[in-house]
Amino acid sequence: MADPKCEVIEGLEREWRDALCKKDMERLESLVHKDFVLIGTRSTGPFMMNREEWLDAIQRREVDDIGLEVQDATALENLMIGTVHARWRLKYLGRIIEDCVVLTDVWVKDEGRWQAIRRHSTPAPPGACVDLKGGE
């Protein structure tokens, strides 16, 4: 991945991942826009979660590892969209969750800084996350 657009998003995604793994709430709050929404699918069906719900959920889970790779990026002046393959292992509400997903992250430049305003998460196709390495 030598594309400069991908490099910017990759840096933001790694920063987000590192803050999640460390449960750095201050950093997460600065990375996630006030209008953030997570849209996804679980075994129980589709869901949507706003910023406050997402930040609350983060505090109730223990992240073991997150591997990610930016597959594609589109960048405009104040908007970037990244397609990211991610694999994570975490403990949430007493159970271990391992998952491999394709994320579409929408970043906006607001008040001079990049923030995630939307994340769409869907199960990844088989084999998509085999070689992903987490943060060391």
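Just so we're aligned, residue 149 is where the sequence shown starts under the working numbering, counting upward by one. All C-beta atoms in this analysis are idealised placements derived from N, C-alpha and C, irrespective of residue type, glycine included.
Please report how far the alpha carbon of residue i lies from the alpha carbon of residue j, in whole angstroms.
i    : j    : result
T252 : R199 : 16 Å
G230 : A264 : 10 Å
A127 : E259 : Look at the range of the chain in this structure, 149 to 284, and you will see that residue 127 is not part of it.
I244 : G275 : 21 Å
W249 : C277 : Rather than Trp, the amino acid found at residue 249 in this sequence is Val. Answer to the nearest angstrom: the Cα atoms are 8 Å apart.
K257 : L227 : 6 Å
K171 : P194 : 25 Å
E163 : L241 : 25 Å
G159 : T192 : 32 Å
T189 : I206 : 17 Å
V180 : R208 : 18 Å
So, at 6 Å on beta carbons, what are the nonlocal neighbours of residue i in its own chain, with the 5 sequence-adjacent residues on each side left out?
i    : result
R175 : A167
A234 : L216, V249, L251
D220 : T231
L186 : M197, W202, R267
D204 : none
Going by DSSP in three states, residue i sits in which element: helix, strand or coil?
i    : result
L241 : coil
C248 : strand
S191 : coil
D220 : strand
K171 : coil
G215 : strand
P274 : coil
I265 : strand
E155 : helix
L179 : helix
L186 : strand
Checking the sheet assignment: what are the DSSP bridge partners for residue i?
i    : result
R199 : In DSSP, R199 forms no bridge with anything.
I206 : Its beta-bridge partners do not exist; DSSP assigns none.
L227 : V256
M235 : It is worth fixing the name first, because residue 235 is Arg in this sequence and not Met. R235 is bridged to G215, C248.
Tell me which residues share the same chain as residue i and place their Cβ nearer than 7 Å to its Cβ, disregarding the 5 neighbours each side in the sequence.
i    : result
A150 : Here A150 scores only 49 on pLDDT, less than 50, and its place in the model is too uncertain to base an answer on.
By Cβ distance below 8 Å, which residues in the same chain neighbour residue i in space, the five residues on each side in sequence not counted?
i    : result
F184 : N198, R199, W202, Q263, A264, I265, R266, R267
S178 : R261, Q263
Roughly how far, in whole angstroms, is the beta-carbon of residue i from the beta-carbon of residue j, given that I think they are within contact range, below 8 Å?
i    : j    : result
C169 : V211 : 5 Å
V254 : I157 : That pair is no contact at about 10 Å.
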